[in-house]
Amino acid sequence: MTDLQRAWLGVISADHTQRAVEGGFIQLNHGKRYGVARLRQGDGFVIYSPTEHYREKRPLRAFTALGVVVDEAPYQAEPMSMGERGIVQPWRRRIEFLPVHRADVHEVELELTRRPNWGYQLRRGLVPLEPDDFEALREAMSIP
């Protein structure tokens, strides 16, 4: 990961992050293709979880997973229920997740969080992340 040229931050609740880590994949924006299609093999990928559970209001505000995109293109998973959204066939990317622990958003000094109103851009579900921020998070979240 030392020659990382691009990195991304995906916004996913911590409970959904756990499922992604266990399955070695990510899906964004309820399985839509456009977000995961922006990723390239070798890109760094960090997950920020605003809450512990999807649709929960109590904030978590932590980085909860970190890895590298390992496939060459998005793929469609098997159809699944998305509750009120019905049955969807989500688009995903394979991620090699590293063993990490959570890091509170205030524990790590990042270029991303220095910007005014930095949290507003997270509403998109996927934002570019400076490679230096990825490396800072990798160092802060690594399990010794």
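Numbering follows UniProt numbering, with no gaps: position 101 of the sequence shown is 101. Using N, Cα and C, we set each Cβ at its ideal position, and we do this for glycine too.
In this chain, the beta strand (DSSP E) harbouring Pro128 covers Leu126 to Leu129. A contact between stretches requires three or more CB pairs, one per stretch, nearer than 8 Å, and the segment 123-134 meets this requirement with the segment 6-16. For Gly44, the beta-bridge partners assigned by DSSP are Ala7 and Val68. Under the 8 Å Cβ criterion, the segment 39-48 does not count as touching the segment 76-83, having fewer than three qualifying pairs. The Cβ neighbour count for Ser49, taken over all protein chains shown within 10 Å, is at least 16; the residue is labelled buried. In this model, Asp71 and Leu129 are separated by some 19 Å (Cα to Cα).
Judged by DSSP in its simplified three-state form, Leu137 adopts helix. The Cβ neighbour count for Asp133, taken over all protein chains shown within 10 Å, is at least 16; the residue is labelled buried.
For a cut-off of 8 Å, the C-beta gap from Ala140 to Val108 is around 5 Å, short enough to register as a contact. Restricted to the segment 67-104, not a single alpha helix (DSSP H) segment is unbroken, complete and at least 4 residues in length. Taking the Cα positions, Leu98 is about 8 Å away from Ala65. Assignment of Leu28 by DSSP, reduced to helix, strand and coil, places it in the coil class.
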